[in-house]
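Everything on this sheet refers to the single structure shown next.
Residue numbers (the working numbering): 6 to 276.
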């Protein structure tokens with residue numbers, strides 16, 4: 006699965022170490038800023054508080070280290086981090102195994118689910134959100150979907166912790182179609198994306214409505230943060246917007262800047 010996002014966002018590779026001991030990194034200052042570049046002149050991605058854990062990526066920028074905090078990558082002052090040694094039991098390395106093929110769910114198992122007749126841009130009220138708009142901001146997220154898949158995209162407002170994260174918008178996009186998600190409130194967001202065919206929905210015993218693609222379902226979460234905070238410039242206000250191309254790809258080919266995603270479960274997508 007391939008997604009292309011413009012403008013270019015900061016791309017940082019994360020490396021893991023296999024050793025008997027390794028260092029864990031925590032914020033030691035009362036507060037520190039995670040920035041988009043190695044210096045105070047770069048935008049603030051988010052603010053970190055004392056005791057928060059981050060993953061170290063690189064020490065190649067002097068007094069600024071590149072780190073990952075949850076789904077966000079950026080730069081933090083090295084002086085604001087504390088390293089703690091942690092012992093890790095050495096585990097034998099298993100021989101690589103070919104992934105087991107996932108059984109294809111029969112559409113018969115979804116016969117009691119409600120069929121939908123969705124059009125591009127429909128907000129899917131079934132997924133239990135109250136859409137948020139700011140009509141003073143003329144911004145957008147432009148989403149192009151290839152002819153190989155349908156998609157449901159959720160725009161998640163980043164919070165200081167998981168309990169504060171809220172789905173601000175959600176939209177269905179038909180295969181081969183384009184949708185503009187407009188008037189997005191200022192803030193920082195990440196995406197949850199469902200790919201597949203034939204969207205159906207069902208109300209559970211506890212009254213919660215859930216939805217899913219019943220064919221070729223695949224669920225992803227974007228690694229990068231979409232910063233919709235307006236920036237005041239000398240000549241006026243810069244209102245950020247983004248364009249996202251979603252495509253099913255088997256060879257990874259394509260042009261533009263890669264928008265990295267991680268696999269997530271259907272349950273996590275619906276939460």
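Ideal placement from N, C-alpha and C gives every residue a C-beta, glycine not left out.
Residue 77 and residue 132 do not touch by the CB rule: their CB atoms are close to 24 Å apart, not below 8 Å. Nearest in C-alpha terms to residue 36, of all of 46, 58, 47, is 58. For the pair residue 80 and residue 199, the CB atoms are not nearer than the 9 Å cut-off. Within a 10 Å sphere around the beta-carbon of residue 86 sit 16 or more other beta-carbons, which makes this residue buried. Using a C-beta cut-off of 8 Å, the stretch 111-131 makes no contact with the stretch 227-238, since fewer than three inter-stretch Cβ pairs fall below that distance.
For residue 221, the closest alpha carbon among the candidates 154, 165, 251 is that of 154. Beta-carbon to beta-carbon, residue 160 and residue 173 are separated by about 5 Å, close enough to satisfy the 8 Å threshold. A Cβ-Cβ contact shorter than 9 Å links residue 149 with residue 183. The alpha helix (DSSP H) runs lying completely inside the stretch 145-229 and spanning 4 residues or more number zero. Sequence-distant Cβ neighbours of residue 66 in its own chain, meaning closer than 6 Å and more than five residues away, are 43.
Residue 127 sits in coil when the DSSP states are folded into three classes, being neither helix nor strand. Remark: C-beta atoms of residue 61 and residue 28 approach each other more closely than 9 Å. Proximity to residue 194 across 175, 228, 163, 177 peaks at 163, based on C-alpha coordinates. Scanning 125, 32, 245 for the CA closest to the CA of residue 72 turns up 32.
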